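Residue numbers (our numbering), protein chains in the order written: chain A, 1 to 281; chain B, 1001 to 1250. All C-beta atoms, glycine included, are put in the ideal place defined by N, C-alpha and C. Since we're looking at a predicted model, the values are computed, not measured.
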Amino acid sequence: MRQDTKMPTAEARDFATEGASPSGTGAIGAAISIRGLSHSYGDLQTIERLDLTVAAHGVLGLVGPSGCGKSTLLELIAGLQEPESGAIELGDARDPHGRLDRCAYMPQRDLLLPWLSAIDNAALALRNRGVRRAQARREAGSLFERFGLGGFESASPAELSGGMRQRVAFLRTLVAEKPVLALDEPFASLDAITRAEMQEWLAGALRADPRTVVLVTHDVEEALYLCDAVAVLSARPACVLEQLRAPSPRAANRNAAVTAQEFVTVRERAMRALREGASAT
Amino acid sequence: MKRWLLPTLLLAVLIGAWQIAASTGAIAEALHIESFLVPSPAEIAESLWQSRSLLAENAWVTVREVLFGFGCALVAGLGFAVAMHLFETLRLAFQPLIVASQTIPIFVIAPILVVWLGFGIGPTLAIIALICFFPITVNTLDGLGSVDVEATKMMRTLDASRRQILWRVEVPAALPYAFSGAKIAVAVAVIGAVFGELAASGAGLGRLIFQDMAQLQTARAFAAVVVLSAIAIGFFGLIALAERRVVTWR
Ligand SMILES: Nc1ncnc2c1ncn2[C@@H]1O[C@H](COP(=O)(O)OP(=O)(O)OP(=O)(O)O)[C@@H](O)[C@H]1O
Ligand SMILES: [Mg+2]
């Protein structure tokens, strides 16, 4: 089941020229390697002997039936949980502490803290690391313009639209400067149009600032557009049914990319695998 | 505008009706009691004015008791809530005890406290603190636990320590709860003060009310009740004001 994902070429795209990552240190990323991973909640077996690899700066999509264990898998990768058996490596880190150190997790709902302004929400990771408030705001604020949030630095989360909240939440994840991002259905709560916009936006953000990403979604099209490869998971206990390579990851013209014949063919294959996986139980 | 107009209007109507019913003797007649036992609002107002220095003196005693008793409960309650939130052992051990503390009838404990703490402000403070402690602690504890587990996970992957999660996420989330608890507490604190003074104190509005009732000085007793209500409303208003200043995100 192992299949190496393609490295996105950072230099190919527009944003890439102006100092990509927040501190301007250049791209950071660590490869992910998961071998023979099993996990259960008590008697409930959620993941069974799962193997997955993601190259450094690769983007892997995870699709699978509801309740199959996708969120659990993300938490395992992020070091928020420990597997029953098997190994998870993020770069050279294997233990949960090391994984927590290398992975930032973006939960499904934006979960912006309502008592903090947009910029303070985005700067949370810096503040947690002991950076002074003014300095943290400066660092996080330098990204607001580029993420279409200019002028909303001091707005409270309640004053932002759904798409903006999601962008602030992503910014918060990005500012943590972790090599690995675990994104759990980041756009599930948005309407179709905003969602398409956000996908293009995220594609641009990842072109500018490549990270190793594991993206969980229910939307096969979203997965195939944003990711280098998409793993279709079986119903619980989850294992990889099929891994598909996306034809044109994060293409600048989303509309053209998702309507191309090749894309449609791969999408149909993924859908079929997904349906079979769901009906297998 | 409507916020003030409606309660004021209602109050005016009630007072007006009472004034008419009391001055015509309708209430006393209906209850088969002497009419001087049913003071009219006008008589109460007169008594408020005439006994203003006596009322103020006793009100100050009660205000101080409420302030100290409530303050002690606030500090202890917030501290306990945080400790119980952080340490499950403490929570399991103390939760039943805290509930049990609420079932202690004040009538019973007041005389015991007098024996233990002596006549004076001590027993009153203890009673106020005891009844204020419960709503503050329970509400704050609920608030600290109201945080989404996902938010905690998110904070952990953003390198937050346990302390940072407490201060940046759990404490702010608990603030509205703590304020609700404090508002309930301050209202019952005034009742606690009355009971405390009855059992253990020579001064205060509660003491005054019981004295006046015993001497059938009903107008002044009612005047003292009015002052007591004003104190409770004042404290409540102050806390509500502080809440509006602090909890700006609601
Ligand atoms: N903390 C927990 N304790 C016990 N069982 C859990 C816990 N979290 C999740 N589960 C169960 O484990 C299974 C997998 O949950 P998980 O959230 O990983 O699924 P998912 O694939 O993310 O689902 P969805 O697509 O609906 O988000 C589900 O059956 C769920 O009920
Ligand atoms: Mg999930």
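Looking at chain B, which residues of the stretch 160 to 173 of chain A have a Cβ within less than 9 Å of any of its Cβ atoms? 169, 172 and 173
Short CB-CB distance (under 8 Å) between residue 1156 of chain B and chain A: yes
Using 7 Å as the cut-off, classify the Cβ of residue 225 of chain A as near or not near the heavy atoms of ligand 1, replying yes or no. no
Can you tell me whether residue 1089 of chain B is buried or exposed? The criterion is at least 16 other CB atoms within 10 Å of its CB, across all chains shown. exposed
What separation, rounded to the nearest whole angstrom, lies between the Cα atoms of residue 1004 of chain B and residue 1011 of chain B? 11 Å
Check: residue 189 of chain A C-beta below 7 Å from any heavy atom of ligand 2: no
In chain A, which residues lie less than 8 Å from residue 1169 of chain B when you measure between Cβ atoms? 113
If the criterion is Cβ atoms closer than 8 Å, does the pair residue 62 of chain A and residue 220 of chain A meet it? no
Leaving out five residues before and five after residue 1146 of chain B in sequence, what residues of the same chain have Cβ atoms less than 8 Å from its Cβ? 1173, 1174 and 1177
Could you check what DSSP says for residue 1124 of chain B in three-state terms: helix, strand or coil? helix
Below-8 Å beta-carbon distance, residue 109 of chain A vs any chain B residue: yes
Contact criterion: CB-CB distance below 8 Å. Does residue 1123 of chain B meet it with respect to chain A? no
If you draw a straight line from the C-alpha of residue 1121 of chain B to the C-alpha of residue 1205 of chain B, how long is it? 13 Å
Rounded C-alpha distance that separates residue 171 of chain A from residue 140 of chain A: 8 Å
According to the neighbour-count rule (16 or more other Cβ atoms, all chains shown, within 10 Å of its Cβ), is residue 1162 of chain B buried or exposed? exposed
Tell me, please, whether the CB atom of residue 128 of chain A is closer than 8 Å to any CB atom in chain B? yes
Quick one: list the residues of chain B neighbouring residue 156 of chain A, beta-carbon separation under 7 Å, in chain order. 1249
Nearest residue (CA-CA) to residue 73 of chain A, options A/91, A/50 and A/94: A/50
Please say whether residue 1192 of chain B and residue 1025 of chain B have beta carbons closer to each other than 8 Å? no
Is it right to say residue 120 of chain A is buried, meaning 16 or more other beta carbons lie within 10 angstroms of its own, or is it exposed? buried
Anything with a beta carbon under 7 Å from a heavy atom of ligand 2 counts; list them all in chain order. A/70, A/71, A/108, A/184, A/185 and A/216
What is the DSSP secondary structure of residue 135 of chain A, counted as helix, strand or coil? helix
From residue 1257 of chain B to residue 1171 of chain B, what does the alpha carbon distance come to, in whole angstroms? The question about residue 1257 of chain B has no answer here: the residues shown for chain B are numbered 1001 through 1250.
Is residue 86 of chain A near residue 37 of chain A, with beta carbons less than 8 Å apart? yes
What does DSSP give as the partner residue(s) for residue 34 of chain A in the beta ladder? A/52 and A/88
Examine ligand 1 and report whether any of its heavy atoms sits within less than 7 Å of the Cβ of residue 239 of chain A. no
When you compare each of B/1141, B/1126, B/1211 and B/1144 to residue 1066 of chain B by their alpha carbons, which one comes out closest? B/1126
Within the 8 Å Cβ cut-off, does residue 224 of chain A reach chain B? no
Any idea what DSSP makes of residue 1132 of chain B, helix, strand or coil? helix
Mapping the DSSP letters down to three states, classify residue 1025 of chain B as helix, strand or coil. coil
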